[in-house]
Each structure stands twice: as structure tokens, then as C-alpha cells.
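Peer 1: Positions 1 to 659 (this note's numbering) are the ones given, in order, by the sequence shown. Sending over a structure as C-alpha cells; questions will come in a sec.
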Amino acid sequence: MLRIKTKLQIVAAVYAFLPVITVIAATRDRATFLSNDFQCAITLGLAAAVSLVLAAPYLPGFGWICLNQIKELSRFCSDIKSGLYRFLPLPNEPTEAGYENEILALMRTMNWMTHKIANRENELETCVRQRTEELRRKNAALMKARDAAEASARSKSIFLATMSHEIRTPMNAITGMAERLAGSPLNPRQQEFVSILKTATQSLLHIINNVLDFSRIDANKVEIERIPVSIRDLIEEVTDMFRGATIDKDIELIADIRPGLPDAIEGDPLRIKQILINLMSNAFKFTENGEIALTAEPAKDINNPAIEINVRDTGIGIPEDLLPKLFEAFSQADGSTTRKYGGTGLGLAISRKLARLMNGDIHVVSTPGTGSTFTLRMPLTVCAEPETALPCLPRAFRGKPVITFIRNSNTRTIIRQHLDAFALTGMDMDPTMDCLEAVLSHTAAPDTLYILDMDLSLTRKTAIIDLLTRIHVRPGHLIAIGNTLKTGKRNEMLPTGTPFLTKPVKPYALVDTIVRVLDSRRTEGAYKENEFQCGMDDIARPTDSHRLFSVLPRRLNNAHSETEKGFQDDTAGSPVPNTDAPDPGMLHTMLEDLSLQLEMNNLKAKQLMTTLSPLLHAMGLRNRTRQLENEVRRFDFQNALATLNLIRTDLSAEYRSES
1 MLRIKTKLQI
11 VAAVYAFLPV
21 ITVIAATRDR
31 ATFLSNDFQC
41 AITLGLAAAV
51 SLVLAAPYLP
61 GFGWICLNQI
71 KELSRFCSDI
81 KSGLYRFLPL
91 PNEPTEAGYE
101 NEILALMRTM
111 NWMTHKIANR
121 ENELETCVRQ
131 RTEELRRKNA
141 ALMKARDAAE
151 ASARSKSIFL
161 ATMSHEIRTP
171 MNAITGMAER
181 LAGSPLNPRQ
191 QEFVSILKTA
201 TQSLLHIINN
211 VLDFSRIDAN
221 KVEIERIPVS
231 IRDLIEEVTD
241 MFRGATIDKD
251 IELIADIRPG
261 LPDAIEGDPL
271 RIKQILINLM
281 SNAFKFTENG
291 EIALTAEPAK
301 DINNPAIEIN
311 VRDTGIGIPE
321 DLLPKLFEAF
331 SQADGSTTRK
341 YGGTGLGLAI
351 SRKLARLMNG
361 DIHVVSTPGT
371 GSTFTLRMPL
381 TVCAEPETAL
391 PCLPRAFRGK
401 PVITFIRNSN
411 TRTIIRQHLD
421 AFALTGMDMD
431 PTMDCLEAVL
441 SHTAAPDTLY
451 ILDMDLSLTR
461 KTAIIDLLTR
471 IHVRPGHLIA
481 IGNTLKTGKR
491 NEMLPTGTPF
501 LTKPVKPYAL
511 VDTIVRVLDS
521 RRTEGAYKEN
531 EFQCGMDDIA
541 RPTDSHRLFS
551 VLPRRLNNAH
561 SETEKGFQDD
571 TAGSPVPNTD
581 APDPGMLHTM
591 LEDLSLQLEM
601 NNLKAKQLMT
611 TLSPLLHAMG
621 LRNRTRQLEN
631 EVRRFDFQNA
641 LATLNLIRTD
651 LSAEYRSES
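See the structure below:
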């Protein structure tokens, strides 16, 4: 666009040159045009026209007409643009319309628009201040409400924790008294009452513990340890707890530790075990038959090393639309679940919170009618501590044939993996009656070993007993496995002397049983690593086992008497039923086993130490026991073995002083 000055020059040029050009055009064919005077006049006219065109924008009249007002409008608009609201100085508005300069009218309109804009901005600023103040008050109220809610939640958590703890203390006493009462002479009706009392107190104690754990987690009072953890030991401990649950249900309990998983990792064994117990409890609660498998394996993601522990069941399953609320506190997949199966809905919520505190998580995959798989995934940090020595067979027994008759295919596969690791040959048979008869008629190897599943669905009990007897009297040998059986039932079904292993079968228990069956020597506990691998002679024990065994009964009886006396003092006026003292033979075996595990640098020594510590403390060996506990906890197995030998030496010295 052309500027106003340029436009004025164009207009002035038109009006200035038009008369001159007209005169030239009119006189060009006449003699006058060529006269000197006319040429001078034309030249002066052209010069005047050019001067007028160039000077037109600067003539006083043009500025008076519009240019000054336009410049003022331009400055005014620039000020408005920069946020400076001002008004143009104008004369009073004329009383009659149409008599005012158009530019002045424009300026007056712009003043009015500026006034409106300024008022609108003032109103907006006032509104913003009011809204900001209102928002500040609301935020203050919300913060106050939030603080009150947090304080209420903390108070609730503290109350729940305190209440749960205060209730748990007398509940433990009630549970303990119920246990003692159950061990006293009672008639059948009284035994039934005590059984109901024990079940009710244990259920209530479980609920109280869940509430206490949830309140601790909610209050951020849970501390996660980072210590060496044996995954194999954890899984075996958890499956041991649930072996009895398979008696009343047709359930195959499976424990499977996949290859590639280190034995020792860093973690919190107590919390991991708590999570697995919760998951296994749910699996048994909602599974009536089939199998429940506890599996540990390394995750497939090589970029993020992790361990995955799966609890898989063949229970009722969970609909997909109910999975999102499964881990919410005080909620279950179905409202009828609480009425039918019981529970508070806290177990899974606690488990997920604990998993996330350990930088892990829990996921579930489920199909209604087929079952569910809960997966605990945690970061895998390999511990540098010595790993558990795997059990093995003496060289003389390697390559022996072993034939298995196991109902469950998964259990059969795991047992065969153990046998392959022990360098044992053989085959796995379909556990049917015809198949067993065929094996009996064709197998004649004198050292053949049979592993028979006692959970086979054979039609008649007499056929089972007859079959077991026939296998037992043949040149081969027999090992029975199955779910936990009552002693009387086991004695009735198995030939005398037949070893029985409960499912899931532990590798070291299996190898120990195989050795005891194949060898006429009966061993106590596992074999020494050097005997298995190197064939060396037995290492001499630092003390005489006979002397040690002779001292233990008196020590244990004294400790038991002190405990009974203290208990009677605390419960004066109440009858206290008699209970048996701890078994010295069991303690003697445990001391021998602990010494063996320490020699082998075996992490199972920690598990044995947990059981032995209370007994050793009760026998008055507090200082030595504390030292032994600390050394085992630090995995200083060499010094721990020396300390254990000192304890055994002290006990043997006591025997010598008495004799």
C-alpha cells in the first residue's frame, strides 16, 4: 500500500501537470508555440508543477487538513497496542450531526472504544482477583481437609495397628492354651470343642494379622530387607506348610524350580514368603481338585533380569471383568465369595503392596472354570554368597535303573529331572494296572528301583496292597510317594519298611532315600559332599556322639522344667496339663545335620539354625548360641562350624565331669 504522502504527490502531479499539458496540446501547431516568450512560460509552468508535486506533503495546508491528525492516530494506536490506555484530546462534540470533521469523528469513536476496552480490562482484573482469592480460599480449605483426612488415616492406621496388636496378644495366649488343652486327656466331645476353638482362634488370628500388616503398609512402617535368600528353601518351606491341605482334597501339590535360577538372591525372605503363603492360600481355597503348582524361573527379558514365581491352580477361575478390582483392599472377585469361602479380601492387596515395596509386582491371568495363575515378579540380584550344594549319589549307585509310576504328568516330569541329575536311568510308565503287571513280568534287574505314586486311582485296596507286596519281594526295591497320609493308613497300605515321601518330593530327600534303599548302610541326613564326589573316608567328628547324646536329655529336661515352672507361675490358680519335654534324639540329629551343612557351605544351615536356636538358648548355651547365630547369618560357615564344635565339646565335657 502507498503512503499518504505518496498518494498526495500523485494527486498534486495530476492537478499541476494537467493545465500545462493542455496548453501545450492546444498551441503546438501554431506559431505562438515556437515563440521565445511562450517557451519560457511553458518552462516556468513545468518547473512550478514539479516543485508543487515534490513539496505538496510538506505544505502547511496539507498538515492542517489531515496529516497531523493521522500521525496522532498512529501514535495513539501504538500506545494502545503497548497497553497504555490514554485518550485523544478533542474539542467538544458539536450539537448538530454532520458538522464535525470526519477524522475528528473517527478519533472520538476511538476514544469511546478505548474507554470500553479499559473498563472491560478493569472488570476482568477485578474478576480475576476475586476468582483467585476464591480459589486460594478453596485450596486452603482443600489442604486443610486433606491434612485432616491424612491425620484421620494415620490415626486410623495407628488405631488398627494398636488394636490388632492388643487383640493378637491375648489371642496368642488363647491359641496356646487351646493347643495345651488339646494335648491333655479329653473325651471325644471335648476334643471336638477344642478343635472348633483352635480353628476359630487361628482364623481370627489370621484376620488380625492381615489387618495389622495392611495398617503397617498403609502407614509406611514396613521396612524391606536386602539379605541373601535361598529361593529353593523358601519354596520348600511354603509347600511344606500346605502339604496337609491336600489330604481332604484331590489336589496334586507341585514345586518346580527351573534351571538357570541362582540359588541365592538378594531380597526379603519374610515378605516373599508372606506373599507366597497368601497366593497359595487363595489357590487352595478356590481349588477342589486338580493341581496347584509353585514354580520359580528366571524371566525371559534379558534386558531387565528378574525372577518370576508362579502360583498356578486348576480352580474356579476369575472372570476377566472382575480382575481389575482383585487387588483392592476389602474386596473380592465376587460378593458371594466371602459368604462361601470366607476371608477379608486383604491378602492379595497386602501381597501386591509388599511386591511393589520390593520394586516388583503381581499379575494374574485367569479363565473361569479352568484356573488362575498369579505371577510374582521381582528384580533379580544374584547374591555372591555360596550356593546350596546340590544332592548327589555315590558313584556306586549311579546308572541304576529307576521305573516311576506317577499319576500327574508334571510331577512325573519333575521327578525324572531329579533322577537324571542323580545320573539314574530308567523310564516313566503310565500308572495303570496292566502297565504295572507288564513291568513286573519283564523287569528282572536285581537293582531296579520302583517309585510308586500312592495317589493312583486303583479300584480295590486289596489290589494295591498285593501289588506293593509283589514289588517289594522282587529283587528290585520300592519307594512310595504321595500326599500326606495318616500313620495308620500308611502302615496299612505299604509293606513294612517301605520308605514314603510326601509330595512335592524334595531332591535331597529323594537322593537320601534312594541311597538308603540301595545301600544296606542306613545314613542319617544327607551324605557328605566329599564322600559323594571324591570317595574319601568319613571326616572324624570333634566329639563322641554317645557322650553328646547322653547329655542332651538332662539339659532338655532342665530347660523344659524351667519353662513349665515359669508358665505355672504366670498362670497361678489355673490347671496346666502336662506336656512332653523336647526329644533329645531329634536335637542330636539336628546338631549332626547342622554340622554337616556347615561343612558343605550349605545355605540350609540357616534354616536349621532357626529351629535350633530356641532349644540351645533354653539349654543355657546363650553366649555360644548368639555367636553361632551371627556367624551363620553372615555366612561365615567356617567359624560357625568351629563355634558349633565348641558347643558340642562343652556338652561332652559336661558328660565327662558327670561320669
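Every residue gets a Cβ at the ideal spot worked out from N, C-alpha and C, and that includes glycine. A quick note: this is a predicted structure, and the numbers were derived from the prediction, not measured.
Could you have a look at Leu-501 and say whether DSSP puts it in helix, strand or coil?
Peer 2: Residue 501 sits at position 501 when you count from the first residue of the sequence shown. Correct three-state label for Leu-501: strand.
Peer 1: Along the chain, where does the alpha helix (DSSP H) containing Val-53 start, and where does it finish?
Peer 2: In the sequence shown, counting from the first residue as 1, residue 53 sits at position 53. From DSSP, the alpha helix (DSSP H) with Val-53 extends over 36–55.
Peer 1: Which residue spans inside the stretch 295–381 form an unbroken beta strand (DSSP E) run of at least 3?
Peer 2: 306–313, 361–367 and 371–379
Peer 1: Tell me whether Val-14 sits in a helix, a strand or coil according to DSSP, three-state version.
Peer 2: To locate residue 14, count along the sequence shown from 1; it is residue 14. Of the three classes helix, strand and coil, the one that applies to Val-14 here is helix, per DSSP.
Peer 1: Counting Cβ pairs, one atom from each stretch, are 3 or more of them under 8 Å apart for the stretch 352–367 and the stretch 236–254?
Peer 2: no
Peer 1: Which residues mark the beginning and the end of the beta strand (DSSP E) in which Met-600 is found?
Peer 2: In the sequence shown, the residue the question calls residue 600 occupies position 600. Counting along the chain, Met-600 falls outside any beta strand (DSSP E), and DSSP gives it neither H nor E.
Peer 1: Do you know how far the Cα of Leu-294 is from the Cα of Ile-217?
Peer 2: Taking the first residue of the sequence shown as 1, we reach residue 217 at position 217. Taking the first residue of the sequence shown as 1, we reach residue 294 at position 294. The straight-line gap from Cα to Cα measures roughly 26 Å.
Peer 1: If you draw a straight line from the C-alpha of Ile-514 to the C-alpha of Ile-647, how long is it?
Peer 2: Indexing the sequence shown from 1 puts residue 514 at position 514. Indexing the sequence shown from 1 puts residue 647 at position 647. Our two residues, Ile-514 and Ile-647, have alpha carbons roughly 33 Å apart in a direct line.
Peer 1: At the level of alpha carbons, what is the spacing between Met-358 and Leu-641?
Peer 2: Looking up residue 358 in the sequence shown gives position 358. Looking up residue 641 in the sequence shown gives position 641. Their Cα atoms are separated by approximately 33 Å.
Peer 1: Report the start-end ranges of each beta strand (DSSP E) in the stretch 156–239 that is 3 residues or longer and not cut off at the edges.
Peer 2: 227–230
Peer 1: Check Ala-423 in the structure and name its three-state DSSP category.
Peer 2: For this step, residue 423 is matched to residue 423 along the sequence shown. Of the three classes helix, strand and coil, the one that applies to Ala-423 here is coil, per DSSP.
Peer 1: Exposed or buried, what is Ile-481 when buried is set at 16 or more other beta-carbons lying within 10 Å of its beta-carbon?
Peer 2: Position 481 of the sequence shown, counted from the start, is the residue given in the question as residue 481. Here Ile-481 is buried: its Cβ has 16 or more other Cβ atoms, across all protein chains shown, within 10 Å.
Peer 1: Helix or strand or just coil, what does DSSP make of Phe-242?
Peer 2: Locating residue 242 in the sequence shown gives position 242, where the first residue counts as 1. Coil.
Peer 1: Thinking C-alpha only, which one of Asp-428, Glu-133 and Ile-21 is nearest Ala-49?
Peer 2: Position 49 of the sequence shown, counted from the start, is the residue given in the question as residue 49. It is Ile-21 whose Cα lies nearest to the Cα of Ala-49.
Peer 1: Give me the Cβ distance between Thr-162 and Gln-202, rounded to the nearest whole Å; I'm assuming they're in contact under 8 Å.
Peer 2: Position 162 of the sequence shown, counted from the first residue, corresponds to residue 162. Position 202 of the sequence shown, counted from the first residue, corresponds to residue 202. Contact flag wrong, Cβ pair sits at about 22 Å.
Peer 1: Could you tell me which residues DSSP puts in a beta bridge with Phe-405?
Peer 2: Against the sequence shown, residue 405 aligns to sequence position 405. Paired residues: Met-429 and Leu-452.
Peer 1: Are there three or more Cβ pairs, one per stretch, closer than 8 Å when the stretch 138–155 is compared with the stretch 187–194?
Peer 2: no
Peer 1: Quick one: Cα of Ala-229 to Cα of Glu-631, how far?
Peer 2: Taking the first residue of the sequence shown as 1, we reach residue 229 at position 229. Taking the first residue of the sequence shown as 1, we reach residue 631 at position 631. First, the residue type needs correcting, since residue 229 is Val and not Ala in the sequence shown. So the two alpha carbons sit approximately 16 Å from each other.
Peer 1: Could you name the residues that DSSP lists as bridge partners for Tyr-256?
Peer 2: Working through the sequence shown from its first residue, we reach residue 256 at position 256. The sequence shown places Asp at residue 256, rather than the Tyr named in the question. Beta-bridge pairing links Asp-256 to Thr-295.
Peer 1: Taking the alpha carbon of Leu-46 as the reference point, which residue from Arg-28, Val-23, Arg-120 and Thr-27 has its own alpha carbon closest?
Peer 2: As a working mapping, residue 46 is identified with position 46 in the sequence shown. Of the listed residues, the one whose Cα sits closest to Leu-46 is Val-23.
Peer 1: In chain order, what residues of the same chain have a beta carbon less than 6 Å from the beta carbon of Ile-167, not counting five sequence neighbours either side?
Peer 2: Counting from 1 along the sequence shown, the entry for residue 167 is found at position 167. Counting only Cβ-Cβ distances below 6 Å, and skipping sequence neighbours, we find Ile-208.
Peer 1: Is Ile-167 near the ligand MN, in the sense that its beta carbon is under 8 Å from a heavy atom of that ligand?
Peer 2: The ligand MN is not part of this structure, which contains no ligands at all.
Peer 1: Among Leu-88, Arg-312 and Glu-102, which has the Cα closest to the Cα of Pro-94?
Peer 2: As a position in the sequence shown, residue 94 is number 94, starting the count at 1. Cα-wise, what sits closest to Pro-94 is Glu-102.
Peer 1: Near Leu-104, which residues of its chain fall below 7 Å by C-beta distance, leaving aside the five closest residues on each side in sequence?
Peer 2: Position 104 of the sequence shown, counted from the start, is the residue given in the question as residue 104. Once the five neighbours on either side are set aside, the close Cβ partners of Leu-104 are Leu-90.
Peer 1: Taking only the alpha-carbon atoms, compute the straight-line gap between Leu-628 and Glu-266 and give it to the nearest angstrom.
Peer 2: Taking the sequence shown and counting its residues from 1, the one referred to as residue 628 is at position 628. Taking the sequence shown and counting its residues from 1, the one referred to as residue 266 is at position 266. Here the alpha carbons of Glu-266 and Leu-628 stand approximately 22 Å from one another.
Peer 1: Quick one: grab the DSSP three-state call for Glu-102.
Peer 2: Position 102 of the sequence shown, counted from the start, is the residue given in the question as residue 102. Helix, per DSSP.
Peer 1: Per the DSSP calculation, Asp-250 is bridged to which residue(s)?
Peer 2: Taking the first residue of the sequence shown as 1, we reach residue 250 at position 250. Per DSSP, Asn-289.
Peer 1: Provide the residue span of the beta strand (DSSP E) that contains Ala-264, from first to last.
Peer 2: Numbered from 1 along the sequence shown, position 264 holds the residue referred to as residue 264. Taken as a continuous stretch (DSSP letters only), the beta strand (DSSP E) holding Ala-264 covers 264–267.
Peer 1: Please say whether Pro-507 and His-418 have beta carbons closer to each other than 9 Å?
Peer 2: Position 418 of the sequence shown, counted from the start, is the residue given in the question as residue 418. Position 507 of the sequence shown, counted from the start, is the residue given in the question as residue 507. Yes, the pair counts as a contact, with Cβ atoms nearer than the cut-off.
Peer 1: Quick check: the Cα distance between Phe-214 and Ala-141, rounded to an integer number of angstroms?
Peer 2: One-based indexing of the sequence shown puts residue 214 at position 214. One-based indexing of the sequence shown puts residue 141 at position 141. C-alpha separation (whole angstroms): 29 Å.
Peer 1: Run through DSSP, which three-state label would Leu-261 get?
Peer 2: Within the sequence shown, numbered from 1, the residue matching residue 261 stands at position 261. Three-state result, Leu-261: coil.
Peer 1: Compute the distance between the beta-carbons of Arg-108 and Leu-88, then report whether it is under 9 Å.
Peer 2: Walking along the sequence shown from the start, residue 108 turns up at place 108. Walking along the sequence shown from the start, residue 88 turns up at place 88. Yes, the Cβ-Cβ distance between Arg-108 and Leu-88 is below 9 Å.
Peer 1: Using only the alpha-carbon positions, how far apart do Ile-414 and Arg-377 sit?
Peer 2: The sequence position of residue 414 within the sequence shown is 414, counting from 1. The sequence position of residue 377 within the sequence shown is 377, counting from 1. Straight-line Cα distance between these residues: approximately 23 Å.
Peer 1: May I have the straight-line CA-CA distance separating Arg-339 from Leu-594, to the nearest angstrom?
Peer 2: Counted from its first residue, the sequence shown places residue 339 at position 339. Counted from its first residue, the sequence shown places residue 594 at position 594. Here Arg-339 scores only 45 on pLDDT, less than 50, and its place in the model should not be relied on; the value that follows carries that caveat. Rounded to whole angstroms, Arg-339 to Leu-594 spans 47 Å at the Cα level.
Peer 1: Taking the continuous beta strand (DSSP E) assigned at Leu-510, which residues delimit it?
Peer 2: Here residue 510 refers to the residue found at position 510 when the sequence shown is read from its first residue. For Leu-510, no beta strand (DSSP E) encloses it; the enclosing alpha helix (DSSP H) starts and ends at 507–518.
Peer 1: Just the Cα atoms here: how many angstroms apart are Thr-375 and Glu-133?
Peer 2: Numbered from 1 along the sequence shown, position 375 holds the residue referred to as residue 375. Numbered from 1 along the sequence shown, position 133 holds the residue referred to as residue 133. Roughly 51 Å between the two C-alpha positions.
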